[in-house]
Amino acid sequence: MNQTTTWNAPTRHHETFKAVVQSYVQLTKPRIIPLLLIETAAAMWVASQGEIDPVLLMVTLLSGTLAAASAQTINCVYDRDIDFDMERTRHRPIPSGRIQVRDALVFAGVLAALSFGLQVWVANLLSAGLAMLGIVIYVGVYTLWLKRSSPQNIVIGGAAGAIPPLVGWAAVTGDLPLAAWLFFAIVFIWTPPHFWGLAMLIQDEYAKVNVPMMPVIAGDEATAQQIWYYTLVLVPLTLMMTFPLGATGAVYAAIALMLGGMFIQRAWALLQAPSDRDLAKGLFKFSILYMMLLSAAMVVDSWPVTRAAVASLSQPLEHLVGMLPF
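Following this line, the structure appears as structure tokens:
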């Protein structure tokens, strides 16, 4: 699918230095980044069994912020034509003419270089390389290849959003055990229902610029079915972090089960009324809260004090079970 030709924004100059900074920050889509950092931090807490080096944590999160900002900036450069055509995005820095393409690309390159250098310096080459791989997948696979050519764009390209847990885990341990890959799989499977919920709300805008998102190509009913199937796969995946892998404990498992039930309930409600925009909006918003709370549960569960409390509570129960006559 070719780039549209309507983009021809005039050059506009900033009146103050503060306005320049605000434009470059806006270019990085900062609202997207915090959830990626929460996933990274959760992986680091679990990998370190609740005893994380605070310097390593802060530098890895800073490096992750820079890498994500670089990827989002390049995405804005490539999508400047369709951003100009959509009311929701036409006031972004590039389509509005506040930032030029060349300057944005230089900015993205500097961000990526800083991210890589910081991560190699404080952590290791593996975690730094994974952060760069995330940029490559988001830009090369999602933005350049799939976004404008396939309704499966967010499924395959969504692997970029699942990279942060790998970065965090590798930063702590220097390797990628099965639990790290399971966390990757959790985010990978969570991404389609999360993003399709939003796509159902703004599908008219995607249709206007010929972006083949699932609701545009397959319709609301088929999209709701896909959301339902992915959610059913997601919930047992989250529980596998506790059994059989044992990377997390009972506190996380209980919270994951509760959150999973709430996610399934919302996906089921949308399946029954796929054209209901309020249900789609509710599912989208809950999916963000879901991943935040799931990651927070991993962090709390990893703390030694949490493990000690669970162990102290389980001992009397084990004693009572041992007294049963069967």
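According to full-length UniProt numbering, the sequence shown holds residues 1 to 326 in order.
Idealized CB from N, CA, C, for every residue including glycine.
Assigned secondary structure, residue i (DSSP; H/G/I helix, E/B strand, else coil)
i	result
Thr5	Confidence is the limiting factor: at Thr5 the pLDDT is only 43, short of 50, which leaves the residue's position unreliable, though a coordinate-based value still follows. Thr5 falls in the coil class under three-state DSSP.
Ala108	helix
Ile156	helix
Pro93	coil
Ser115	helix
Met240	coil
Ile264	helix
Ile135	helix
Ser23	helix
Gly246	coil
Gly282	helix
Gln100	coil
Arg88	coil
Thr28	coil
Trp228	helix
Ser314	helix
Ile83	It is worth fixing the name first, because residue 83 is Asp in this sequence and not Ile. It is helical.
Thr306	helix
Thr16	coil
Met298	helix
Ser275	coil
Asn75	helix
Ala222	helix
Ala123	coil
Met213	coil
Length of the line joining the Cα atoms of residue i and residue j
i	j	result
Thr223	Leu56	40 angstroms
Asp175	Leu166	9 angstroms
Glu87	Gln26	16 angstroms
Leu111	Ser150	29 angstroms
Ala42	Val21	30 angstroms
Gln225	Asn124	42 angstroms
Thr16	Ser23	11 angstroms
Leu61	Gly168	8 angstroms
Phe185	Met291	Per the sequence shown, residue 185 should be read as Ala rather than Phe. About 13 angstroms.
Pro244	Gly157	29 angstroms
Trp268	His194	14 angstroms
Ser302	Trp190	22 angstroms
Thr5	Gln203	The pLDDT assigned to Thr5 is 43, lower than 50, so where the model puts this residue is not dependable; a value taken from the coordinates is nonetheless given after this. When rounded, the distance between both Cα atoms is 21 angstroms.
Met132	Ala104	18 angstroms
Ala253	Leu35	21 angstroms
Ile154	Leu313	43 angstroms
Ala273	Ala128	44 angstroms
Thr65	Val59	10 angstroms
Inter-residue CB distance, residue i and residue j (contact presumed, cutoff 8 angstroms)
i	j	result
Ala250	Val305	With 8 angstroms as the limit, Ala250 and Val305 do not qualify as a contact, their Cβ atoms being about 14 angstroms apart.
Thr179	Met241	Residue identity differs from the one stated: residue 179 is Ala in this sequence, not Thr. That belief holds up - the Cβ atoms of Ala179 and Met241 are roughly 7 angstroms apart, short of 8 angstroms.
Leu198	Phe116	Leu198 to Phe116, Cβ: 30 angstroms. No contact.
Leu294	Thr248	About 10 angstroms; that fails the 8 angstroms criterion.
Ile163	Leu130	6 angstroms
Ala67	Gly134	6 angstroms
Tyr78	Leu144	6 angstroms
Val211	Arg148	6 angstroms
Thr89	Asp81	Thr89 to Asp81, Cβ: 11 angstroms. No contact.
Ser63	Gln119	4 angstroms
Thr28	Gln72	5 angstroms
Lys208	Asp85	6 angstroms
Checklist line | Every unbroken alpha helix (DSSP H) within the stretch 30-58, with a cutoff of 4 residues, ordered by chain | finding: 33-47
Next item on the list: Would you list, in sequence order, the uninterrupted alpha helix (DSSP H) runs of no fewer than 4 residues that lie entirely inside the stretch 145-211?
Entry: 153-157, 163-173, 178-201 and 203-208
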